[in-house]
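Per full-length UniProt numbering, the very first residue in the sequence shown carries number 1; after that it's consecutive. Worksheet: the structure to be examined is printed underneath.
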Amino acid sequence: MAGCGSESRDDSRRSETTQTANDADIVREASAFSGIVIPENAAVLDARSENGLDTLYRLTISTDPQGLDLLLAESKFTEPLTQMPEVTETAIAGPPLETSPSILKATDIYRNTDGKSVNRIIVVDERDPSTRFVHIKLFDT
């Protein structure tokens, strides 16, 4: 019955985004967790993590087309990038995805050294011929 009970909420299931760690620490943790290799020529625009029952990392980097190719190859990404007909992800940094002339997406599952399956989603904003904003989402749900 509406309004006749106390609403229970389990806030221990997911903690807030980690604010105490810096971007370099979060990128290092995300790499160990998911096998993602960030190329040296990439600029990390933002990095966030959430821990609770599940682990979630979100990274945004800026790189060039060669850096993107290196990221995919060195990370042993198993699925190709395909054109994304509509925006379904949100950016944590960089320009809004809705304003991009071309968006690509790839998803795969990586088995990490702890034996956990990690979902890896990469969304690429092809902003212009030489710039790629790469949005990376990594989680073990």
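For glycine and all other residues, C-beta sits at the position ideal for the given N, C-alpha and C.
Selected residue, minimal CA-CA separation from residue i, among the options
i	options	result
Leu59	Ser31, Thr99, Asp128 and Thr88	Ser31
Gly94	Ala43, Pro39 and Ile26	Ala43
Ile92	Gly52, Gln66, Asp46 and Ile122	Asp46
Glu74	Thr88, Val37, Pro85 and Glu86	Val37
residue 146	Met84, Ile61 and Thr55	The structure shown does not extend to residue 146, since the chain is modelled only from 1 to 141, so the question has no answer here.
Counted within 10 angstroms of its Cβ, other Cβ atoms place residue i as buried (16 or more) or exposed
i	result
Thr63	buried
Ala24	exposed
Ile26	buried
Leu97	buried
Pro39	buried
Thr82	exposed
Alpha-carbon to alpha-carbon, residue j and residue i
i	j	result
Ser130	Leu71	16 Å
residue 208	Glu126	Absent from the structure is residue 208, since the part of the chain shown begins at 1 and ends at 141.
Thr99	Tyr57	24 Å
Leu104	Thr90	14 Å
Gly35	Met84	24 Å
Ala106	Thr113	22 Å
Val87	Ile122	13 Å
Ala2	Asp128	With a pLDDT of only 43 at Ala2, under the threshold of 50, the placement of this residue in the model should not be trusted, and no figure is reported.
Segment limits, beta strand (DSSP E) that includes residue i
i	result
Leu59	Thr55 to Thr63
Asp46	Ala43 to Asn51
Leu104	Ile103 to Arg111
Same chain only: Cβ atoms within 8 Å of residue i, ignoring 5 sequence neighbours per side
i	result
Arg111	Ser117 and Val118
Thr17	Residue confidence for Thr17 is low, a pLDDT of 45 falling below 50, so the modelled location carries little weight; the figure read from the coordinates is stated next. Once the five neighbours on either side are set aside, the close Cβ partners of Thr17 are Arg48, Ser49 and Glu50.
residue 183	Shown here, the chain extends from 1 to 141; a query on residue 183 therefore has no answer.
Gly115	none
Contact set for residue i: own chain, Cβ-Cβ below 6 Å, skip 5 residues either direction
i	result
Ser102	Glu126
Thr141	Asp54
Sequence-distant residues of the same chain with beta carbon closer than 7 Å to residue i, five excluded per side
i	result
Asp108	Phe77, Thr78, Glu79 and Arg120
Tyr66	Inspection of the sequence shows that residue 66 is occupied by Gln rather than by Tyr. Contacts found: none.
Leu68	Val124, Arg132 and Val134
Phe33	Thr55, Tyr57, Asn112, Val118 and Leu138
Span of the alpha helix (DSSP H), counted from its first residue to its last, around residue i
i	result
Ser130	Run containing Ser130: none; DSSP gives neither H nor E here.
Ala24	Asp23 to Ser34
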